[in-house]
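*Asks:*
There are 2 protein chains.
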Amino acid sequence: MNNFNFYSPTYFAFGKGRENEAGKLVKRFGGSKVLIHYGGGSIIKSGLLDRVKVSLHNEGVAYIELGGVVPNPRSGLVYEGIELCRKEQVDFVLAVGGGSAIDSAKAIAIGAPYEGDFWDFFKGKRVDKALPVGTILTLSAAGSEGSANSVITHEDGMLKRGSGSELMRPVFSILNPELTCSLPAFQTACGATDMMAHVFERYFTNTKNVEITDRLCEAVLKTVIAETPKALANPNDYEARANIMWAGMVAHNDICGVGREQDWSTHQMEHELSALYDVAHGAGLAVMFPAWMKYVMRQDVLRFAQFAVRVWGCEMDFHHPEKTALEGIHRLEHFYTSIGMPIRFSQLGAKAEDIPTLINTLRIGTGTIGFFVKLTADDVKNIYELAV
Amino acid sequence: MNNFNFYSPTYFAFGKGRENEAGKLVKRFGGSKVLIHYGGGSIIKSGLLDRVKVSLHNEGVAYIELGGVVPNPRSGLVYEGIELCRKEQVDFVLAVGGGSAIDSAKAIAIGAPYEGDFWDFFKGKRVDKALPVGTILTLSAAGSEGSANSVITHEDGMLKRGSGSELMRPVFSILNPELTCSLPAFQTACGATDMMAHVFERYFTNTKNVEITDRLCEAVLKTVIAETPKALANPNDYEARANIMWAGMVAHNDICGVGREQDWSTHQMEHELSALYDVAHGAGLAVMFPAWMKYVMRQDVLRFAQFAVRVWGCEMDFHHPEKTALEGIHRLEHFYTSIGMPIRFSQLGAKAEDIPTLINTLRIGTGTIGFFVKLTADDVKNIYELAV
Chain P
0 MNNFNFYSPT YFAFGKGREN EAGKLVKRFG GSKVLIHYGG GSIIKSGLLD
50 RVKVSLHNEG VAYIELGGVV PNPRSGLVYE GIELCRKEQV DFVLAVGGGS
100 AIDSAKAIAI GAPYEGDFWD FFKGKRVDKA LPVGTILTLS AAGSEGSANS
150 VITHEDGMLK RGSGSELMRP VFSILNPELT CSLPAFQTAC GATDMMAHVF
200 ERYFTNTKNV EITDRLCEAV LKTVIAETPK ALANPNDYEA RANIMWAGMV
250 AHNDICGVGR EQDWSTHQME HELSALYDVA HGAGLAVMFP AWMKYVMRQD
300 VLRFAQFAVR VWGCEMDFHH PEKTALEGIH RLEHFYTSIG MPIRFSQLGA
350 KAEDIPTLIN TLRIGTGTIG FFVKLTADDV KNIYELAV
Chain H
0 MNNFNFYSPT YFAFGKGREN EAGKLVKRFG GSKVLIHYGG GSIIKSGLLD
50 RVKVSLHNEG VAYIELGGVV PNPRSGLVYE GIELCRKEQV DFVLAVGGGS
100 AIDSAKAIAI GAPYEGDFWD FFKGKRVDKA LPVGTILTLS AAGSEGSANS
150 VITHEDGMLK RGSGSELMRP VFSILNPELT CSLPAFQTAC GATDMMAHVF
200 ERYFTNTKNV EITDRLCEAV LKTVIAETPK ALANPNDYEA RANIMWAGMV
250 AHNDICGVGR EQDWSTHQME HELSALYDVA HGAGLAVMFP AWMKYVMRQD
300 VLRFAQFAVR VWGCEMDFHH PEKTALEGIH RLEHFYTSIG MPIRFSQLGA
350 KAEDIPTLIN TLRIGTGTIG FFVKLTADDV KNIYELAV
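Chains as they are written, first to last, in numbering that gives the first Met the number 0: chain P, 0 to 387; chain H, 0 to 387.
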């Protein structure tokens, strides 16, 4: 097990009706003037935005608002939010929405107190100051409600990049599974795929003997695999929604990743797909993960066999472990298909002839991406081709 | 799933050599004058105490010290620590040791800024102020390094009682598995038993459909069951010690308990045993848990069958689920025996004739303890008798 730090100081308020505590929580964590940051009109139509405003008002917390976050959130709105925070002397950013609204809020929170361009932090600069961020989650997927990360697409070149800092962890997150019951099936399935991907990036590692983290990863995967079909069959199944929602947090606050080398190459490959075609992140991951797995499984056949046996309940073929390993990957593809996810480029609207462009924007050059197998540009080309 | 709050803001520094960061961490979390609180001479002999002092000194942090914490820590030393903190204007309590040192440090930390008797908090009074606590863990067991709880035995009547408050969570905990390699086999096994018990108190619940928490519980149990025999066979197995150490934290910071009713009656019954006979807490739990399980399993046979199948790998007997349930309990007893734990009163030095005394100090009266099954005094008598 590698040395590690684990610090997840977010206060989670989970369950029915908890959004009505937003005002109290903002106050508890020091906010007096809030930027409410969100996406489209669904939180307006549902009445959620009004409930949040009432809750803030009841606690004497002032607010302004900025909507318009899109999936794969863009730099333009971040710049706008930063300006607004400075002009209005906002001291707290409250995201209401899914991972996109939260990631955009995090970028605003680190950009507002910084004199330079917030994009510096997405090029690797260390964050040393940020406004506190709170979240009210409406979509179980990205895990951004408990993570120290943000992913933003810069409109100049459509570069999709991530940034991470302890200062970006939300100080509180309100998770009410009821708010996810109205999600369409496709978004529900994309969310499940996204959280499974967060576990995969941590599960497939060269670090040996991290049994506790392996087991926690498997716990999250088995939960998502069991509960997602229930939520698809009955969107109002509160219990399924609740299990999925909490699993999404556990999948990405890094309790499933400590003590080990993580990979993250598949996320990088997918980011190029979703930046170029503006496809849903979860859908892109469903296409890329099986391809990556098939390409790298020989790096550690027994780890993939463990995945097949423990997560999918495959019977171990002790004579041919690679058959078991491959069966696990096939089960994953079958699961994706069963929940309505694509598993091929064509289902995404992606094209084989764009592969050179995808590789080009990844900017691997003579370097590599990922850690489980360090992938060269040639490897990435092969993996994209496996996904066609 | 029930509504819940989850807040685990402890900073964990895990791995080899991390105790040398004690000074930096105390400073980061606002300490300028520290009470170092510990048990016996082992941390002096091993050189650990000196390393900690050097680390504090290097950061310009002043310190005083108070040793002498005993297993099942006592009120007398807590009163002494509180006096010392007030007199010396200490602003940070640093526990170096296992759960006893940490629990004692927590009690001092809530008692020092309180004008009344600290024992009030162990009689149910709400904590509203505390000195920050940091820990350097030397024994994987109690999970106090990540928990919001403390258990103290009051010497007036030998009453063993618990108190809980968010303000008692350590602000940081340093977990170096190397520090546990010198532990005797018996203490290692007691520690494993203690962390398993923390999971059991949460796992056996009447709350339905908390799949994610069930799975996380099972992950911790399977890890402890797999790794403890390795640490006993080879005390210097760093990887086994590391998995056990982190599992002990995960078992008790409540990530395994959220969203569900918890039980805790077995801990109460055990507290009376360890208060009366001063036996190791883990050993007492190994005696009490199988007895409790046998007594209550009919409350939810399928939950006990799930425990048997998922945790112990038993084959489900679909015609006779109660046989599978019972087999899981027998496997647990067999495991305890295999790691050198007692499973009967006589092995503890406890006596059947003391059962009325044990029940008397529990002070159940006409009430009940626990939640999975609400146990009356008669039930408790039956369970103690099953353990004889």
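Using N, Cα and C, we set each Cβ at its ideal position, and we do this for glycine too.
Report the CB separation of P/Arg-73 from P/Glu-154 in whole angstroms; it is logged as a contact under 8 Å.
*Replies:* The residue you call residue 73 of chain P lines up with position 74 of the first sequence. The residue you call residue 154 of chain P lines up with position 155 of the first sequence. Right, their Cβ atoms sit about 5 Å apart.
*Asks:* Could you tell me the alpha carbon to alpha carbon distance between P/Ser-99 and H/Val-170, rounded to whole angstroms?
*Replies:* Taking the first residue of the first sequence as position 1, residue 99 of chain P is located at position 100. Taking the first residue of the second sequence as position 1, residue 170 of chain H is located at position 171. Approximately 31 Å between the Cα atoms of the pair.
*Asks:* Among P/Ser-31, P/Pro-234, P/Met-194, which has the Cα closest to the Cα of P/Glu-389?
*Replies:* Nothing in the structure corresponds to residue 389 of chain P, since chain P is present only between 0 and 387.
*Asks:* Could you give the C-beta distance for H/Val-439 and H/Ala-12, rounded to a whole number, given that I count them as a contact under 8 Å?
*Replies:* Residue 439 of chain H is absent from the structure shown; chain H starts at 0 and stops at 387.
*Asks:* Taking DSSP as the reference, what is the three-state secondary structure of P/Lys-159?
*Replies:* Taking the first residue of the first sequence as position 1, residue 159 of chain P is located at position 160. In the structure shown, P/Lys-159 sits in a strand (DSSP, three-state: E or B).
*Asks:* Closer than 7 Å: is that where the CB of P/Ser-54 sits relative to any heavy atom of the ligand NAP?
*Replies:* In terms of ligand content, the structure shown is empty, and the ligand NAP therefore cannot be addressed.
*Asks:* I'd like the list of long-range same chain contacts for H/Gly-283, defined as Cβ closer than 6 Å, with 5 residues on each side in sequence excluded.
*Replies:* On the second sequence, residue 283 of chain H is found 284 positions in, with the first residue counted as 1. Beyond the five residues adjoining it in sequence on each side, H/Gly-283 comes within less than 6 Å, by CB distance, of Glu-269, Leu-272, Ser-273 in the same chain, given in chain order.
*Asks:* With a threshold of 8 Å between beta carbons, is H/Val-249 in contact with chain P?
*Replies:* Indexing the second sequence from 1 puts residue 249 of chain H at position 250. With 8 Å as the cut-off, H/Val-249 counts as an interface residue toward chain P.
*Asks:* Suppose you measure from the CA of H/Tyr-113 to the CA of P/Phe-185; what does that come to, to the nearest Å?
*Replies:* Position 114 of the second sequence, counting from 1, holds the residue named residue 113 of chain H. Position 186 of the first sequence, counting from 1, holds the residue named residue 185 of chain P. For H/Tyr-113 and P/Phe-185, the distance between alpha carbons rounds to 55 Å.
*Asks:* In terms of DSSP beta bridges, what is H/His-153 paired with?
*Replies:* Along the second sequence, read from residue 1 onward, the residue named residue 153 of chain H stands at position 154. Answer is H/Leu-158.
*Asks:* Quick one: list the residues of chain P neighbouring H/Arg-214, beta-carbon separation under 7 Å, in chain order.
*Replies:* Here residue 214 of chain H refers to the residue found at position 215 when the second sequence is read from its first residue. When 7 Å is used as the limit between beta carbons, H/Arg-214 is near these residues of chain P: Ala-218, Lys-221, Thr-222, in chain order.
*Asks:* Determine the contact status of H/Ala-196 and H/Phe-334, defining contact as a CB-CB distance below 8 Å.
*Replies:* As a first step, residue 196 of chain H is located in the second sequence; it is residue number 197 there, counting from the start. As a first step, residue 334 of chain H is located in the second sequence; it is residue number 335 there, counting from the start. For H/Ala-196 and H/Phe-334, no; Cβs fall outside 8 Å.
*Asks:* Rounded to a whole number of angstroms, what is the C-alpha to C-alpha distance between H/Asp-299 and H/Glu-321?
*Replies:* Working through the second sequence from its first residue, we reach residue 299 of chain H at position 300. Working through the second sequence from its first residue, we reach residue 321 of chain H at position 322. Using only the alpha carbons, I get a separation of about 9 Å.
*Asks:* Give the single residue among P/Tyr-202, P/Cys-84, P/Phe-3, P/Asn-148 whose Cα lies nearest to the Cα of P/Leu-65.
*Replies:* What you label residue 65 of chain P is simply residue 66 of the first sequence in a count that begins at 1. Comparing Cα-Cα distances from P/Leu-65 to each of P/Tyr-202, P/Cys-84, P/Phe-3, P/Asn-148, the minimum goes to P/Cys-84.
*Asks:* Which term fits P/Leu-138, buried or exposed, when burial requires 16 or more other beta carbons within 10 angstroms of its beta carbon?
*Replies:* Here residue 138 of chain P is taken as the residue at index 139 of the first sequence, counted from 1. The residue is buried, with at least 16 neighbouring Cβ atoms inside 10 Å.
*Asks:* Nearest by alpha-carbon distance to H/Val-372: which of H/Met-244, H/Asp-262, H/Glu-326, H/Leu-174 is it?
*Replies:* Position 373 of the second sequence, counted from the first residue, corresponds to residue 372 of chain H. When only C-alpha atoms are compared, the closest one is H/Asp-262.
*Asks:* At least one CB of chain H closer than 8 Å to the CB of P/Phe-13: is that the case?
*Replies:* As a working mapping, residue 13 of chain P is identified with position 14 in the first sequence. Taking Cβ atoms only, chain H reaches closer than 8 Å to P/Phe-13, which makes this a yes.
*Asks:* I want to verify the contact list: residues of chain P whose CB lies under 8 Å from the CB of H/Glu-314, in sequence order.
*Replies:* The sequence position of residue 314 of chain H within the second sequence is 315, counting from 1. Neighbours of H/Glu-314 on chain P: none; closest Cβ ~14 Å, over 8 Å.
*Asks:* I need the DSSP call for H/Pro-289, collapsed to helix, strand or coil.
*Replies:* Taking the second sequence and counting its residues from 1, one reaches residue 289 of chain H at position 290. Taken through DSSP and simplified to helix, strand or coil, H/Pro-289 comes out as helix.
*Asks:* For a contact meaning CB atoms closer than 7 Å, what does H/Glu-210 contact in chain P?
*Replies:* Taking the first residue of the second sequence as position 1, residue 210 of chain H is located at position 211. Those within 7 Å of H/Glu-210 in chain P are Thr-222, Ala-225, Glu-226, Asn-242.
*Asks:* Using a 10 Å radius around the Cβ and a threshold of 16 neighbouring Cβ atoms, would you call H/Ile-43 buried or exposed?
*Replies:* Residue numbering aside, residue 43 of chain H sits at position 44 when the second sequence is read from its first letter. When all chains shown are included, H/Ile-43 counts as exposed.
*Asks:* State the start and end residues of the unbroken alpha helix (DSSP H) segment that holds P/Thr-323.
*Replies:* Reading the first sequence from its first residue, position 324 is the one you call residue 323 of chain P. First-last of the alpha helix (DSSP H) with P/Thr-323: 320-337.
*Asks:* Helix, strand or coil, according to DSSP, for P/Glu-79 in the structure here?
*Replies:* Here residue 79 of chain P refers to the residue found at position 80 of the first sequence. Correct three-state label for P/Glu-79: helix.
*Asks:* Nearest to H/Pro-176 by alpha carbon, out of H/Glu-18, H/Tyr-10, H/Ala-351?
*Replies:* The count along the second sequence starts at 1 and reaches residue 176 of chain H at position 177. Considering only alpha carbons, the answer is H/Glu-18.
*Asks:* Please list the terminal residues of the continuous alpha helix (DSSP H) segment that includes P/Glu-271.
*Replies:* Position 272 of the first sequence holds residue 271 of chain P. Per DSSP, P/Glu-271 belongs to the alpha helix (DSSP H) from 264-276.
*Asks:* Are the beta-carbon atoms belonging to H/Ile-151 and H/Leu-215 less than 8 Å from one another?
*Replies:* Counting from one through the second sequence, the residue named residue 151 of chain H turns up at place 152. Counting from one through the second sequence, the residue named residue 215 of chain H turns up at place 216. Cβ distance not < 8 Å, so H/Ile-151 and H/Leu-215 don't count as in contact.
*Asks:* Roughly how many angstroms separate the alpha carbons of P/His-318 and P/Ala-304, rounded to a whole number?
*Replies:* Position 319 of the first sequence, counted from the start, is the residue given in the question as residue 318 of chain P. Position 305 of the first sequence, counted from the start, is the residue given in the question as residue 304 of chain P. Taking the straight line joining both Cα atoms gives about 12 Å.
*Asks:* Say whether the stretch 117-133 of chain H touches the stretch 89-105 of chain H, bearing in mind that this needs 3 or more beta-carbon pairs closer than 8 Å, one atom from each stretch.
*Replies:* Touching, yes, given that three or more Cβ pairs across the two stretches are closer than 8 Å.
*Asks:* What did DSSP end up calling H/Lys-221 once you bin it into helix, strand or coil?
*Replies:* For this step, residue 221 of chain H is matched to residue 222 along the second sequence. The answer is helix: DSSP assigns H/Lys-221 an H, G or I state.
*Asks:* Rounded to whole angstroms, what's the CA-CA distance from P/Ile-243 to P/Thr-227? Just pull it up for me.
*Replies:* Taking the first sequence and counting its residues from 1, one reaches residue 243 of chain P at position 244. Taking the first sequence and counting its residues from 1, one reaches residue 227 of chain P at position 228. Computed Cα separation, rounded: 7 Å.
*Asks:* How is the alpha helix (DSSP H) around H/Ile-358 delimited, first residue to last?
*Replies:* Your numbering for residue 358 of chain H matches position 359 in the second sequence. For H/Ile-358, the enclosing alpha helix (DSSP H) begins and ends at 354-361.
*Asks:* Nearest to H/Lys-380 by CA position, among H/Ile-358, H/Gly-67, H/Ile-363, is which residue?
*Replies:* Along the second sequence, read from residue 1 onward, the residue named residue 380 of chain H stands at position 381. For the residues H/Ile-358, H/Gly-67, H/Ile-363, the minimum Cα distance to H/Lys-380 belongs to H/Ile-358.
*Asks:* Tell me whether H/Tyr-202 sits in a helix, a strand or coil according to DSSP, three-state version.
*Replies:* As a first step, residue 202 of chain H is located in the second sequence; it is residue number 203 there, counting from the start. DSSP places H/Tyr-202 in helix when its eight states are reduced to three.
*Asks:* Using a Cβ-Cβ distance under 8 Å, would H/Ile-389 count as near chain P?
*Replies:* Only positions 0 to 387 of chain H appear in the structure, and residue 389 of chain H is not among them; the question remains open.
*Asks:* Sort H/Phe-306, H/Tyr-37, H/Ser-264, H/Gly-161 by Cα distance to H/Phe-370 and report the nearest one.
*Replies:* Stepping through the second sequence from its first residue, residue 370 of chain H is reached at position 371. Of the listed residues, the one whose Cα sits closest to H/Phe-370 is H/Ser-264.
*Asks:* Give every residue of the same chain whose Cβ lies closer than 6 Å to the Cβ of P/Ala-129, excluding the five residues on either side of it in the sequence, and list them in chain order.
*Replies:* Mapped onto the first sequence, residue 129 of chain P falls at position 130. Excluding positions up to five away in sequence, the list reads Ala-108, Ile-109, Leu-166.
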